[in-house]
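Peer 1:
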Amino acid sequence: MQSLSPLDGRYQSKTGALRPFFSEEALVRSRVLVEIRYFQALAEHPRIRDLPKLTAAQQKALERLLERFSPGEAKKVKLIEKTTNHDVKAVEYYLKGKIGSIPGLQKRTEFIHFGLTSEDVNNLAYGLMVRGALREIIRPELRRLIRSLSGLAKRWSAIELLSLTHGQPATPTTVGKELQVFVDRLVRQEQQLRTFKMQGKFGGAVANYAAHRAAYPEVQWELLGQKFVRSLGMEPLKHTTQINPHDDIAELSHILFRINTILLSFSRDMWLYISRGVFQQKVVAGEVGSSAKGRL
Numbered sequence: 023m024q025s026l027s028p029l030d031g032r033y034q035s036k037t038g039a040l041r042p043f044f045s046e047e048a049l050v051r052s053r054v055l056v057e058i059r060y061f062q063a064l065a066e067h068p069r070i071r072d073l074p075k076l077t078a079a080q081q082k083a084l085e086r087l088l089e090r091f092s093p094g095e096a097k098k099v100k101l102i103e104k105t106t107n108h109d110v111k112a113v114e115y116y117l118k119g120k121i122g123s124i125p126g127l128q129k130r131t132e133f134i135h136f137g138l139t140s141e142d143v144n145n146l147a148y149g150l151m152v153r154g155a156l157r158e159i160i161r162p163e164l165r166r167l168i169r170s171l172s173g174l175a176k177r178w179s180a181i182e183l184l185s186l187t188h189g190q191p192a193t194p195t196t197v198g199k200e201l202q203v204f205v206d207r208l209v210r211q212e213q214q215l216r217t218f219k220m221q222g223k224f225g226g227a228v229a230n231y232a233a234h235r236a237a238y239p240e241v242q243w244e245l246l247g248q249k250f251v252r253s254l255g256m257e258p259l260k261h262t263t264q265i266n267p268h269d270d271i272a273e274l275s276h277i278l279f280r281i282n283t284i285l286l287s288f289s290r291d292m293w294l295y296i297s298r299g300v301f302q303q304k305v306v307a308g309e310v311g312s313s314a315k316g317r318l
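End of the sequence shown = 318 in the numbering used here, gap-free, step of one.
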């Protein structure tokens, strides 16, 4: 009853599966992951001599931080944020405290968030969140729907149906063929969704690696940054300003928009088929379709 919107209130049963990916706790966890992976990437580079290659024990300790990151740990970050009044800085301070307790890394904590601006962490964290939701929830759900409709199309491929054009009787068709129309449309969008990749911006205040170059001019920072972004499953943006322009979000939104448009068209057709008596709507005891009507 304390929800701010119907998305996580009335429709929680429909959107609840996305909470582990898009909650604030998930955002904090993703920021922590980005910062740790960046720290590990720096330690792997032989020319960053002030941060020696991590030992197996140190790597294990860092992985343990990620594995054990719980809602309680996220609350610790939020508590730090009350002082910093900055969400990404709170993650940095939290990790400096954690990594500073790992033997051999006490004097290496300044490499956490080294040369970065907040957007470097945020855009990659958001990318991880979206990527996870697509991989674990949205794409599997779409594939299940396609399989279900495809199965019905095959099952009803011989059931004849009078088609309508402009709302008037036209020529014979089959129920299966009309369902297959939507299967084909959804398959095309699923293919685009499967090949879609989030994009990642990296490189400091204005994406020129200026602070990085000043500290370690012998390092090929563009290559390191591109490799790092790809290691997170995203496509690196070569030229940006301080921010990721998020054309990838626009592209993804258009794919999801088209999927929803197809499903809206499908729903309208089903409504019409029910009106024509082709299909029968299930009656659920106790449910009402209108506040002006009594119980069924």
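No residue lacks a Cβ here, since even glycine has one placed at the ideal position from N, Cα and C.
Remember, it's a predicted structure, so these values are computed and weren't measured experimentally.
From the DSSP output, read off the bridge partner residues of PRO258.
Peer 2: Per DSSP, GLY222.
Peer 1: Looking only at its own chain, which residues have a Cβ that is under 7 angstroms from the Cβ of LEU186, when we skip the five neighbours before and after it?
Peer 2: The residues are ALA192.
Peer 1: Below 8 angstroms between beta carbons: does that hold for ILE284 and PHE224?
Peer 2: The answer is no: Cβ separation not under 8 angstroms.
Peer 1: Which residues mark the beginning and the end of the alpha helix (DSSP H) in which PRO93 is found?
Peer 2: Per DSSP, PRO93 belongs to the alpha helix (DSSP H) from 93-106.
Peer 1: Take the Cβ of GLN190 as the centre, count every other Cβ of all protein chains shown within 10 Å, and call the residue buried at 16 or more, exposed below.
Peer 2: Result: exposed.
Peer 1: What do you get for LEU146, buried or exposed, if any count of 16 or more other CB atoms within 10 angstroms of its CB means buried?
Peer 2: Burial call: buried.
Peer 1: Run the CB neighbour count on TRP243, radius 10 Å, all protein chains shown included, and call it buried at 16 or more, exposed below.
Peer 2: Its Cβ being crowded by 16 or more others within 10 Å, TRP243 is buried.
Peer 1: So GLU8 is in the alpha helix (DSSP H); what residue range does that whole segment cover?
Peer 2: With the chain covering 23 to 318 only, the question about residue 8 has no answer from this structure.
Peer 1: With a cut-off of 8 angstroms on the beta carbons, I'd call VAL50 and LEU117 a contact; round off their distance for me.
Peer 2: Contact flag wrong, Cβ pair sits at about 11 angstroms.
Peer 1: Compute the Euclidean distance between the alpha carbons of VAL209 and ALA237, then round it to the nearest angstrom.
Peer 2: Near 50 angstroms, if we compare the C-alpha coordinates of ALA237 and VAL209.
Peer 1: Counting beta carbon pairs with one atom in the stretch 162-176 and one in the stretch 103-123, are three or more of them shorter than 8 angstroms?
Peer 2: Judged by Cβ distances under 8 angstroms, the stretch 103-123 makes no contact with the stretch 162-176, as fewer than three pairs qualify.
Peer 1: For TYR148, count the other beta carbons within 10 Å of its own beta carbon; 16 or more makes it buried, fewer makes it exposed. Which is it?
Peer 2: TYR148 is buried by the Cβ-count criterion.
Peer 1: I'd like the span of the alpha helix (DSSP H) that includes THR283, first residue to last.
Peer 2: Unbroken alpha helix (DSSP H) run through THR283: 269-298.
Peer 1: What does the Cβ neighbour count give for GLN24, buried or exposed, with the cut at 16 atoms within 10 Å?
Peer 2: GLN24 comes out exposed.
Peer 1: Have a look at the DSSP bridge pairing and note the partners of LEU183.
Peer 2: Its beta-bridge partners are THR195.
Peer 1: By the three-class DSSP mapping on this structure, what secondary structure does GLN62 have?
Peer 2: GLN62: helix per DSSP, three-state reduction.
Peer 1: Cutting at 8 angstroms between CB atoms, please list the residues of its own chain near GLU200, excluding the five before and the five after it.
Peer 2: Closer than 8 angstroms at Cβ, skipping near neighbours: LEU183, SER185, ASP291.
Peer 1: If I'm right that GLY137 touches ALA233 with Cβ under 8 angstroms, what's the distance once you round it to whole angstroms?
Peer 2: The Cβ separation is near 4 angstroms, so the contact holds.
Peer 1: Less than 8 angstroms between the CB atoms is what I'm expecting for ILE159 and LEU40, so what's the real figure, rounded?
Peer 2: So it is a contact: roughly 6 angstroms between Cβ atoms.
Peer 1: Looking at the structure shown, is GLN34 part of a helix, part of a strand, or coil, going by DSSP?
Peer 2: DSSP places GLN34 in helix when its eight states are reduced to three.
Peer 1: Applying the criterion that 16 or more other CB atoms from any shown protein chain within 10 Å of the CB defines a buried residue, is ALA180 buried or exposed?
Peer 2: Exposed: under 16 other Cβ atoms inside 10 Å.
Peer 1: Mapping DSSP to helix, strand and coil, what is GLN214?
Peer 2: Of the three classes helix, strand and coil, the one that applies to GLN214 here is helix, per DSSP.
Peer 1: From the DSSP output, in three-state form, read off GLN302 for me.
Peer 2: GLN302: coil per DSSP, three-state reduction.
Peer 1: Looking at the secondary structure, which residues open and close the alpha helix (DSSP H) in which ARG153 lies?
Peer 2: Here the alpha helix (DSSP H) through ARG153 covers 140-155.
Peer 1: I need the straight-line Cα distance from ARG177 to GLN302, nearest angstrom please.
Peer 2: Their backbone Cα atoms lie some 17 angstroms apart in a straight line.
Peer 1: Kindly list the residues whose CB is nearer than 6 angstroms to the CB of ALA96, restricted to its own chain and excluding five residues on each side of it in sequence; keep chain order.
Peer 2: If we look at ALA96 and ignore the five residues flanking it on each side, its Cβ neighbours are GLU47, VAL50.
Peer 1: Is DSSP giving GLN24 helix, strand or coil here?
Peer 2: In this structure, GLN24 counts as coil in the three-state DSSP scheme.
Peer 1: Considering only their Cβ atoms, is the gap separating PHE250 from ALA63 smaller than 8 angstroms?
Peer 2: A contact, by the Cβ cut-off of 8 angstroms.
Peer 1: Is it true that the CB of PHE43 sits closer than 8 angstroms to the CB of MET151?
Peer 2: Contact: yes.
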